[in-house]
Amino acid sequence: MPHDVPRADLPRTLGALRASGHELRGVKDEIRQNLVAALRAGRDPWPGIVGFESTVLPQLERALIAGHDVVLLGERGQGKTRLLRALTGLLDEWTPVIDGAELGEHPYDPITPASQRRAAELGDELPVAWRHRDERYTEKLATPDTAVADLIGDIDPVKVSEGRSLGDPETIHYGLVPRAHRGVVAINELPDLAERIQVSLLNVMEERDIQVRGYTLRLPLDVLLVASANPEDYTNRGRIITPLKDRFGAEVRTHYPLELADEIALVEQEAVLVADLPRHLLEIIARFTRALRESTAVDQGSGVSARFAVAAAETVAAAALRRAALTGEANAVARPVDLESVPAVLRGKLEFASGEEGREAEHMEHLLRRATADTARARLRGIDLDPLAEAVSGSPVRTGERVPAAEVVAALPGVEVLTEIARRLDASGTEEPGPMASAAELALELLFLTRRLAKDTADDDSVSYG
Numbered sequence: 439m440p441h442d443v444p445r446a447d448l449p450r451t452l453g454a455l456r457a458s459g460h461e462l463r464g465v466k467d468e469i470r471q472n473l474v475a476a477l478r479a480g481r482d483p484w485p486g487i488v489g490f491e492s493t494v495l496p497q498l499e500r501a502l503i504a505g506h507d508v509v510l511l512g513e514r515g516q517g518k519t520r521l522l523r524a525l526t527g528l529l530d531e532w533t534p535v536i537d538g539a540e541l542g543e544h545p546y547d548p549i550t551p552a553s554q555r556r557a558a559e560l561g562d563e564l565p566v567a568w569r570h571r572d573e574r575y576t577e578k579l580a581t582p583d584t585a586v587a588d589l590i591g592d593i594d595p596v597k598v599s600e601g602r603s604l605g606d607p608e609t610i611h612y613g614l615v616p617r618a619h620r621g622v623v624a625i626n627e628l629p630d631l632a633e634r635i636q637v638s639l640l641n642v643m644e645e646r647d648i649q650v651r652g653y654t655l656r657l658p659l660d661v662l663l664v665a666s667a668n669p670e671d672y673t674n675r676g677r678i679i680t681p682l683k684d685r686f687g688a689e690v691r692t693h694y695p696l697e698l699a700d701e702i703a704l705v706e707q708e709a710v711l712v713a714d715l716p717r718h719l720l721e722i723i724a725r726f727t728r729a730l731r732e733s734t735a736v737d738q739g740s741g742v743s744a745r746f747a748v749a750a751a752e753t754v755a756a757a758a759l760r761r762a763a764l765t766g767e768a769n770a771v772a773r774p775v776d777l778e779s780v781p782a783v784l785r786g787k788l789e790f791a792s793g794e795e796g797r798e799a800e801h802m803e804h805l806l807r808r809a810t811a812d813t814a815r816a817r818l819r820g821i822d823l824d825p826l827a828e829a830v831s832g833s834p835v836r837t838g839e840r841v842p843a844a845e846v847v848a849a850l851p852g853v854e855v856l857t858e859i860a861r862r863l864d865a866s867g868t869e870e871p872g873p874m875a876s877a878a879e880l881a882l883e884l885l886f887l888t889r890r891l892a893k894d895t896a897d898d899d900s901v902s903y904g
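Letter by letter, the sequence shown follows residues 439 to 904 in my numbering.
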């Protein structure tokens, strides 16, 4: 059922809601109970979150069960925002609100003067609407121009012009935080928020009231406040002020995928591929990304985002589709030759250490070759490639972006070892030449990188192994 269409049998008045036995729960209680229920039932509360199962998620779950506001701390591209958005899955699918109320208040607990007046006048006939959990998540990217009015609220001149006095609480136009009442407020890149603006959140987090231009309006806000931030040694744009940091009940550190399999799974999940990308090429991209994160030539303070690996996979697939268009192939299957496009296209996504100017491409190409060799060794371990090297030495194999897969396969020697290579690299069992050409190229590249074959580049940019 679409999330904007609540069930027809849900109560539509306060009296009907009471008769249904509905109970009011605070948003933190709601999240706690739903999370514990999911854990008891063996359901995954965090669909789409990869690589955090034994590290970040247990810490976050403990914080949510404790009812703490949370800040996620980590370098760029570690999935902080994705994790914050996953919190909506822990809310009830539908929750009742006072129909027409400005802040989405619960019918049992109106908190604004207007809603309290309507509740007193209408009694059990107070109209009830139903809000989907997706509407209870509010996200704000902290920018230097963010004002207190954006987050908390300000005087609404239109309401004043209608005849209300300046002392009337109903002249306030509420900001994002009060409007997220009974929901989750996420502030991305919290240190980018000016310190005087961060101060405005102190009362919201501790006393749960708001102050607007001299008003002290006691609003018992029911919100879970979560935020993301980069480590202090990464960003010089700002910091989280100490009193605000103290009000967060939990600080959870995120990280890049710790295991190669998680890195591959993340790319498979997130990348939108326009061509078939064999798994051994995905593994090369994952190893390449991890090698960049360990390289002293790359500024590790800024990190190597998971988006880098995703973009690399999409670039290789795009190179394969372009090559297929140039060669007239019906099906585009990526080959190791397509990896050459990655350093040139994605160099701008990395921050290199000082003193490495002019050598960026050299570092990337070296690490890409190393990732290719490591992947080929791991996938082809135990196979004697000498028969292939000897056969190709006498009859070179030509490849390149203008050489179709069928031509590569036709040039391969008739040696039995190619059957095992095809099996190891998932290229057997198909009549299409693309998977076999990709598998053979990886084996030939390994022979070149281990100095058992030569590799010559022609004027037309084609490459010959021999």
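Virtual Cβ for every residue (Gly too), placed ideally from N, Cα, C.
Item to check | Option nearest residue 581 by Cα separation, candidates 460, 629, 718, 815 | outcome: For this step, residue 581 is matched to residue 143 along the sequence shown. Residue 629 is the option with its Cα nearest to residue 581.
Next on the checklist: Less than 7 Å between C-beta atoms, sequence neighbours within five positions excluded: which residues of the same chain meet that for residue 577?
Outcome noted: Walking along the sequence shown from the start, residue 577 turns up at place 139. Cβ within range, chain order: 624, 626.
Item to check | Which listed residue (538, 567, 633) has its alpha carbon closest to that of residue 553 | outcome: Locating residue 553 in the sequence shown gives position 115, counting from the first residue. Nearest C-alpha to residue 553: 538.
Item to check | Cβ shell of residue 533 (< 6 Å), same chain only, five flanking positions each side left out | outcome: As a first step, residue 533 must be located in the sequence shown, where it is residue number 95. Contacts found: 569.
Item to check | Whole-angstrom distance between residue 692 and residue 510, CA atom to CA atom | outcome: As a working note, residue 510 is residue 72 in the sequence shown. As a working note, residue 692 is residue 254 in the sequence shown. Their backbone Cα atoms lie some 7 Å apart in a straight line.
Checklist entry - To which residues of the same chain is residue 672 closer than 7 Å at the C-beta, ignoring the five residues directly before and after it? => result Position 234 of the sequence shown, counted from the first residue, corresponds to residue 672. Annotation note: pLDDT 48 at residue 672 (below 50); position unreliable, coordinate value reported separately. Cβ within range, chain order: 513, 739, 740.
Next on the checklist: I'd like the ranges of any alpha helix (DSSP H) spanning at least 4 consecutive residues and lying wholly in the region 676-734.
Outcome noted: 680-685, 698-708, 717-732
Checklist entry - Nearest-angstrom Cα distance between residue 524 and residue 839? => result Counting from 1 along the sequence shown, the entry for residue 524 is found at position 86. Counting from 1 along the sequence shown, the entry for residue 839 is found at position 401. Looking at the two C-alpha atoms, the distance is approximately 41 Å.
Next on the checklist: My parser needs the alpha helix (DSSP H) runs of 4 or more residues fully inside the region 520-596; what are they?
Outcome noted: 551-560, 586-589
Checklist entry - Does DSSP classify residue 455 as helix, strand or coil? => result Numbered from 1 along the sequence shown, position 17 holds the residue referred to as residue 455. Reduced to three states, the DSSP call for residue 455 is helix.
Item to check | Which of helix, strand or coil DSSP assigns to residue 746 | outcome: Numbered from 1 along the sequence shown, position 308 holds the residue referred to as residue 746. Three-state result, residue 746: helix.
Item to check | Backbone secondary structure at residue 472 - three-state DSSP | outcome: Position 34 of the sequence shown, counted from the start, is the residue given in the question as residue 472. Of the three classes helix, strand and coil, the one that applies to residue 472 here is helix, per DSSP.
Next on the checklist: My parser needs the alpha helix (DSSP H) runs of 4 or more residues fully inside the region 748-819; what are they?
Outcome noted: 779-784, 798-817
Next on the checklist: In whole angstroms, give me the CA-to-CA distance for residue 712 and residue 886.
Outcome noted: Position 274 of the sequence shown, counting from 1, holds the residue named residue 712. Position 448 of the sequence shown, counting from 1, holds the residue named residue 886. Each residue's alpha carbon lies about 29 Å from the other.
Checklist entry - Which term fits residue 867, buried or exposed, when burial requires 16 or more other beta carbons within 10 angstroms of its beta carbon? => result Here residue 867 is taken as the residue at index 429 of the sequence shown, counted from 1. By the 10 Å Cβ count, residue 867 comes out exposed.
Next on the checklist: Can you check which of these residues, 799, 536, 904, is closest to residue 449 by C-alpha distance?
Outcome noted: Here residue 449 corresponds to residue number 11 of the sequence shown, with the count starting at 1. The option with the nearest alpha carbon to residue 449 is 536.
Next on the checklist: With three or more beta-carbon pairs closer than 8 Å as the criterion, would you say the region 750-760 touches the region 712-731?
Outcome noted: yes
Checklist entry - Are the C-beta of residue 684 and some C-beta of chain C separated by less than 7 Å? => result Checking the listed chains, one finds no chain C in this structure; it contains a single protein chain.
Item to check | Rounded C-alpha distance that separates residue 902 from residue 843 | outcome: Working through the sequence shown from its first residue, we reach residue 902 at position 464. Working through the sequence shown from its first residue, we reach residue 843 at position 405. Computed Cα separation, rounded: 14 Å.
Item to check | Closest residue to residue 609 among 777, 540, 622 (Cα-Cα distance) | outcome: Translated into the one-based positions of the sequence shown, residue 609 becomes position 171. For the residues 777, 540, 622, the minimum Cα distance to residue 609 belongs to 540.
Checklist entry - What is the residue span of the beta strand (DSSP E) that residue 902 lies within? => result Here residue 902 refers to the residue found at position 464 of the sequence shown. Residues 901-903.
Checklist entry - Counting along the chain, where does the beta strand (DSSP E) carrying residue 481 start and finish? => result For the purposes of this step, residue 481 is identified with residue 43 of the sequence shown, where counting begins at 1. That residue, residue 481, is in no beta strand (DSSP E); it is neither H nor E in DSSP.
Checklist entry - Terminal residues of the continuous beta strand (DSSP E) containing residue 666? => result Counting from 1 along the sequence shown, the entry for residue 666 is found at position 228. Run containing residue 666: 661-667, per the beta strand (DSSP E) assignment.
Next on the checklist: For residue 444, tell me which candidate among 716, 572, 857 has the shortest Cα-Cα distance.
Outcome noted: In the sequence shown, the residue the question calls residue 444 occupies position 6. Residue 572 is the option with its Cα nearest to residue 444.
Item to check | Straight-line gap, residue 727 to residue 799 (C-alpha atoms, nearest Å) | outcome: Taking the first residue of the sequence shown as position 1, residue 727 is located at position 289. Taking the first residue of the sequence shown as position 1, residue 799 is located at position 361. Whole-angstrom Cα-Cα distance: 14 Å.
Item to check | Expected contact under 8 Å - CB spacing of residue 698 and residue 717 to nearest Å | outcome: Sequence index remark: in the sequence shown, residue 698 carries index 260 (1-based). Sequence index remark: in the sequence shown, residue 717 carries index 279 (1-based). So it is not a contact: roughly 12 Å between Cβ atoms.
Checklist entry - Which residues bound the beta strand (DSSP E) around residue 824? => result Residue mapping note: residue 824 aligns to position 386 of the sequence shown, counting from 1. Per DSSP, residue 824 belongs to no beta strand (DSSP E); it is in the alpha helix (DSSP H), 824-832.
Next on the checklist: Let me check one thing: in DSSP terms, what residues is residue 625 bridge-paired to?
Outcome noted: The residue labelled residue 625 in the question sits at position 187 within the sequence shown. Answer is 578, 665.
Next on the checklist: Beta-carbon within less than 8 Å of residue 764's beta-carbon, same chain only, minus the 5 sequence neighbours each way: which residues are those?
Outcome noted: The residue given as residue 764 occupies position 326 in the sequence shown. 839, 840.
Checklist entry - Where residue 855 and residue 746 are concerned, what is the direct C-alpha to C-alpha distance, given to the nearest angstrom? => result Here residue 855 is taken as the residue at index 417 of the sequence shown, counted from 1. Here residue 746 is taken as the residue at index 308 of the sequence shown, counted from 1. Approximately 35 Å between the Cα atoms of the pair.
Next on the checklist: So, for residue 759: in the same chain, excluding its five sequence neighbours on each side, which residues have a beta-carbon less than 8 Å away from its beta-carbon?
Outcome noted: Taking the sequence shown and counting its residues from 1, one reaches residue 759 at position 321. Taken in chain order, the residues that qualify are 712, 713, 770.
Checklist entry - Any heavy atom of the ligand ATP closer than 6 Å to the CB of residue 533? => result By its list of ligands, the structure shown contains no ligand whatsoever, and the ligand ATP lies outside what it can speak to.
Checklist entry - When you compare each of 848, 860, 845 to residue 823 by their alpha carbons, which one comes out closest? => result Residue 823 sits at position 385 when you count from the first residue of the sequence shown. Answer by Cα proximity: 860.
Next on the checklist: Can you tell me whether residue 492 is buried or exposed? The criterion is at least 16 other CB atoms within 10 Å of its CB, across all chains shown.
Outcome noted: Here residue 492 refers to the residue found at position 54 when the sequence shown is read from its first residue. Burial call: exposed.
Checklist entry - For residue 510, which of helix, strand or coil comes out of DSSP? => result The residue you call residue 510 lines up with position 72 of the sequence shown. In this structure, residue 510 counts as strand in the three-state DSSP scheme.
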